[in-house]
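One structure is given below, encoded as structure tokens.
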Amino acid sequence: MPPTVRAALLDEIQDVGDSLGYNPKWCNDEITWFLTLLDNPNHLFDRSMAQDVRLFMGQNLHVRAVLWDWVLVCKLQRLQSIHPAKKEDLFDCAEITKILYFNRGGRLIGRDILQAFDDTDRAPPIFRSTAEIVGNYSRDQWGVFPFDLEGLPED
Numbered sequence: 001m002p003p004t005v006r007a008a009l010l011d012e013i014q015d016v017g018d019s020l021g022y023n024p025k026w027c028n029d030e031i032t033w034f035l036t037l038l039d040n041p042n043h044l045f046d047r048s049m050a051q052d053v054r055l056f057m058g059q060n061l062h063v064r065a066v067l068w069d070w071v072l073v074c075k076l077q078r079l080q081s082i083h084p085a086k087k088e089d090l091f092d093c094a095e096i097t098k099i100l101y102f103n104r105g106g107r108l109i110g111r112d113i114l115q116a117f118d119d120t121d122r123a124p125p126i127f128r129s130t131a132e133i134v135g136n137y138s139r140d141q142w143g144v145f146p147f148d149l150e151g152l153p154e155d
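In UniProt numbering, the protein residues as written are 1 to 155.
Take a look at the structure:
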């Protein structure tokens, strides 16, 4: 992407974030590392488009959420890899978990989601202890422990 186009895009993204009250680093490319772990990133794109969550629709910029399942797995992997864990990551995990839990009609989130993107052995799986931390935090925040821990690996 030409530098002038990239700069204009970043300015537009910042304006959107400001208008919505988002964190200044709300849209970044830190997540791109996780894409390298997928066998088929196009499948993720297609599922994300089908999810059809529109974060912002402007005249020249449309921002859609990537598949919530995948975002949760990436955030959980980040949470369990940083010691001590960042409070922001724990909060993000709980909020994404809340979205998934209620979008699924109150069904618990289990291996079907938490291990759905284990395409390579380059990243550790989501450990039971990580799901317990986020589950307990979620219960404290909004009253539900949203995970089914059965079959999740111990760390």
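We put the CB at the ideal spot given by N, CA and C, even for glycine. Keep in mind the model is a prediction, meaning the values are calculated, not measured.
First and last residue of the uninterrupted alpha helix (DSSP H) at residue i
i	result
leucine 47	Note that residue 47 is arginine in the sequence shown, not leucine. Per DSSP, arginine 47 belongs to the alpha helix (DSSP H) from 41-51.
phenylalanine 147	Here phenylalanine 147 belongs to no alpha helix (DSSP H), and DSSP marks it neither H nor E.
leucine 90	87-103
glutamine 14	3-20
Simplified DSSP assignment, three categories, for residue i
i	result
arginine 139	helix
leucine 61	coil
isoleucine 109	strand
alanine 123	coil
glutamate 132	helix
CB-CB length for residue i against residue j, believed under 8 Å
i	j	result
aspartate 69	leucine 100	7 Å
glycine 110	glutamate 150	7 Å
leucine 108	aspartate 148	4 Å
leucine 152	alanine 131	6 Å
cysteine 93	valine 134	5 Å
Buried versus exposed call for residue i [16 or more other C-beta atoms within 10 Å across all chains shown]
i	result
isoleucine 82	exposed
leucine 114	buried
lysine 25	exposed
glycine 143	exposed
alanine 116	exposed
serine 19	exposed
leucine 67	buried
Limits of the unbroken beta strand (DSSP E) element including residue i
i	result
leucine 76	Where leucine 76 is concerned, there is no enclosing beta strand (DSSP E), although the alpha helix (DSSP H) it sits in stretches over 68-81.
Proximity test, Cβ basis, 7 Å: residue i and chain D
i	result
phenylalanine 127	The structure shown has no chain D; it contains just one protein chain.
Counterpart residues of residue i in DSSP-defined beta bridges
i	result
phenylalanine 56	Val63
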